[in-house]
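Colleague:
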Amino acid sequence: MNDQTVRLERITKDYGTVDMPDTLNLDVAAKEKVTSEPMVRFENVAKRYGTLTVLDKLNLDIARNEKVSIIGPSGSGKTTVLRMLMTLERINEGVIWVDGEPLTHMQKNGQMVTASDRHLRRVRGKIGMVFQHFNLFPHMTALQNCMEAPVSVLGLSKQEAETRAAELLDMVGLGDKKCHFPIQLSGGQKQRVAIARALAMRPKVMLFDEVTSALDPELVGEVLNVIRKLGAEHDLTMLMVTHQMGFAKEFSDRVCFFYGGKIAEQGPPDQLFSDPQNERTRQFLSAVLEAG
């Protein structure tokens with residue numbers, strides 16, 4: 089198996105092979121309906137590992153362009169939410185909707201059936217994810233890392249992909265590092281390349297899973313600044329699992345506190361952080377603040 093085949097298999101695992109959607113002729117009423125629907129919906133979603141319930145009948149709507157932070161103790165189901173959106177975890181019950189379409193199911197003859205591979209790849213192609221660890225190809229430059237999936241998955245020409253990748257690296261403040269290999273970059277720079285790489289796939293939804301947890305404290309700010317810029321300048325729905333409470337309060341439209349596989353409390357950040365109503369939320373925030 090050659091290097092190109094290995095790269096393609098890895099990219100396909102992360103992104104799927106994205107089929108271009110069929111041309112849709114929507115009337116005004118249909119367009120308004122699409123716009124009013126949440127970008128992401130979890131409908132009675134459950135996830136279990138044997139007898140351990142990780143998510144318990146989760147119901148969650150995320151509006152278009154909404155910025156939502158998920159906080160909570162380890163093991164509360166936070167990262168599982170993101171992994172199920174990326175189809176990295178199997179759903180045991182319920183339905184996840186993305187941009188008005190079921191993710192792992194499809195409607196056929198009035199019934200919900202398991203989605204075809206084509207449907208799954210197309211809907212999943214609307215989602216980008218940035219992981220705790222950067223997962224960059226070590227033998228590729230920053231520019232090449234951002235070009236690979238658009239060429240292999242979206243079918244862009246190398247020239248188109250290079251132009252797009254260079255623009256995104258400029259946007260995250262790494263235009264002068266585009267010819268650098270990952271080993272030549274700091275942790276914060278690698279994470280910014282990972283963000284640019286996810287954006288190169290033109291997602292409608294961006295997921296961030298503890299993207300600063302592997303960084304030295306002095307590098308956290310540069311990554312959070314990029315996320316701030318994304319939120320301010322781009323029409324993206326953003327869902328972020330984080331332990332950065334200050335950033336969650338400042339950045340988010342809504343904060344969800346998870347406990348025991350459920351949303352124990354949610355609301356505007358000012359309200360949730362200043363006057364939490366749930367005792368578990370109060371205990372968690374108190375412990376986080378004491379830990380510094």
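So the sequence shown is numbered by this note's numbering: it starts at 89 and just counts up by one.
Ideal Cβ placement from N, Cα and C applies to all residues, glycine included.
For E181, I'd like the list of residues in its chain whose CB is within less than 6 Å of its CB, leaving aside the five on either flank, ordered along the chain.
Modeller: The count along the sequence shown starts at 1 and reaches residue 181 at position 93. Taken in chain order, the residues that qualify are A134.
Colleague: Under three-state DSSP, which class holds G355?
Modeller: Here residue 355 refers to the residue found at position 267 of the sequence shown. In this structure, G355 counts as strand in the three-state DSSP scheme.
Colleague: If you reduce the DSSP assignment to three classes, tell me which class R370 lands in.
Modeller: Your numbering for residue 370 matches position 282 in the sequence shown. Three-state result, R370: helix.
Colleague: According to the Cβ coordinates, are A230 and V281 closer than 7 Å?
Modeller: Numbered from 1 along the sequence shown, position 142 holds the residue referred to as residue 230. Numbered from 1 along the sequence shown, position 193 holds the residue referred to as residue 281. Going by C-beta atoms, A230 is nearer than 7 Å to V281.
Colleague: Hey, E325 and F345 are a contact pair by Cβ (cut 8 Å); roughly how many whole angstroms apart?
Modeller: By one-based count along the sequence shown, residue 325 stands at place 237. By one-based count along the sequence shown, residue 345 stands at place 257. Looking at the sequence shown, residue 325 is not Glu but Thr. Contact doesn't hold; Cβ gap of about 20 Å is too wide.
Colleague: Whose C-beta lies closer than 6 Å to the C-beta of L148 among residues of the same chain, with five residues either side of it excluded?
Modeller: Counting from one through the sequence shown, the residue named residue 148 turns up at place 60. Hits under 6 Å: F130.
Colleague: Note down the Cα distance separating T139 from V201, rounded to an integer number of angstroms.
Modeller: Within the sequence shown, the letter at position 51 stands for residue 139. Within the sequence shown, the letter at position 113 stands for residue 201. Cα-Cα distance, rounded: 26 Å.
Colleague: Which residue comes first and which comes last in the alpha helix (DSSP H) that contains C234?
Modeller: If you number the sequence shown from 1, residue 234 lands on position 146. Run containing C234: 230–237, per the alpha helix (DSSP H) assignment.
Colleague: Check the DSSP bridge columns for Q199 and list the partner residues they point to.
Modeller: Numbered from its first residue, the sequence shown carries residue 199 at position 111. DSSP lists K196 as partners of Q199.
Colleague: If you draw a straight line from the C-alpha of L318 to the C-alpha of A253, how long is it?
Modeller: What you label residue 318 is simply residue 230 of the sequence shown in a count that begins at 1. What you label residue 253 is simply residue 165 of the sequence shown in a count that begins at 1. In a straight line, the C-alpha of L318 is about 16 Å away from that of A253.
Colleague: Tell whether a beta-carbon distance below 7 Å holds between V218 and V128.
Modeller: The residue given as residue 218 occupies position 130 in the sequence shown. The residue given as residue 128 occupies position 40 in the sequence shown. No.
Colleague: State buried or exposed for D297, treating a residue as buried only when at least 16 other CB atoms are found within 10 Å of its CB.
Modeller: Position 209 of the sequence shown, counting from 1, holds the residue named residue 297. Buried.
Colleague: Have a look at P356 and Q247 and give me their C-alpha separation to the nearest angstrom.
Modeller: Taking the first residue of the sequence shown as 1, we reach residue 356 at position 268. Taking the first residue of the sequence shown as 1, we reach residue 247 at position 159. C-alpha separation (whole angstroms): 43 Å.
Colleague: Quick check on DSSP: helix, strand or coil for D149?
Modeller: The residue you call residue 149 lines up with position 61 of the sequence shown. Here D149 sits in strand by DSSP.
Colleague: According to DSSP, is V281 part of a helix, a strand, or is it coil?
Modeller: Residue numbering aside, residue 281 sits at position 193 when the sequence shown is read from its first letter. It is helical.
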